[in-house]
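S.K.:
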Amino acid sequence: MPVSKKEKIHKVKTFTKKTSCLNCRKRGIKCEKEDSEENCSLCTRQGKKCIIFKPQYMEKHIVELTEEVRRNKEEIQDLKIRVTNLEKSHNKLLLNLKQRSILDEELKLEFNF
Ligand SMILES: [Zn+2]
Ligand SMILES: [Zn+2]
Numbered sequence: 036m037p038v039s040k041k042e043k044i045h046k047v048k049t050f051t052k053k054t055s056c057l058n059c060r061k062r063g064i065k066c067e068k069e070d071s072e073e074n075c076s077l078c079t080r081q082g083k084k085c086i087i088f089k090p091q092y093m094e095k096h097i098v099e100l101t102e103e104v105r106r107n108k109e110e111i112q113d114l115k116i117r118v119t120n121l122e123k124s125h126n127k128l129l130l131n132l133k134q135r136s137i138l139d140e141e142l143k144l145e146f147n148f
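The sequence shown runs 36 to 148 under the working numbering.
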């Protein structure tokens with residue numbers, strides 16, 4: 036029994052408040068991470084990215100964040116194209132409606148509705 040307890044203590048790292056990951060710090064809870072895991076237990080449970088501001092993690096996170104920014108830019112570009120397309124069809128619809136109302140007006144005049 037004492038052996039397994041010892042093993043567990045050895046395996047699970049508990050960060051101090053200063054080195055807690057961002058999510059745990061926000062919640063003000065203890066950040067626990069297994070050596071084999073990349074995320075702490077809370078982040079793993081919530082499926083979040085575990086961000087710890089430590090010099091040795093910084094480079095990795097900068098690379099990851101840069102990649103995320105790049106992906107977001109691509110998404111924005113994609114959304115812009117979609118909005119442009121929507122605007123085009125919206126304008127077309129407006130034009131149709133306008134023509135329709137002109138036609139209605141003409142019909143009204145024609146038949147004295
Ligand atoms: Zn954490
Ligand atoms: Zn975390």
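No residue lacks a Cβ here, since even glycine has one placed at the ideal position from N, Cα and C.
Report the start-end ranges of each beta strand (DSSP E) in the segment 50-116 that is 3 residues or longer and not cut off at the edges.
M.R.: DSSP runs (the beta strand (DSSP E)) wholly in the segment 50-116: 66-69.
S.K.: Got a sec? Which residues, its chain only, sit under 7 Å from Thr79 by beta carbon, not counting five neighbours each side?
M.R.: So the qualifying residues of the chain are Glu72.
S.K.: Spatial neighbours of Cys59 within its chain, please: C-beta separation below 6 Å, excluding the five flanking residues on both sides.
M.R.: Around Cys59: Cys66, Leu77.
S.K.: Mark Lys52 as exposed unless 16 or more other C-beta atoms lie within 10 angstroms of its C-beta, in which case mark it buried.
M.R.: For Lys52, the pLDDT reaches just 49, beneath the cut-off of 50, and the residue's location in the model is therefore unreliable, although a value from the coordinates is still provided. It counts as exposed.
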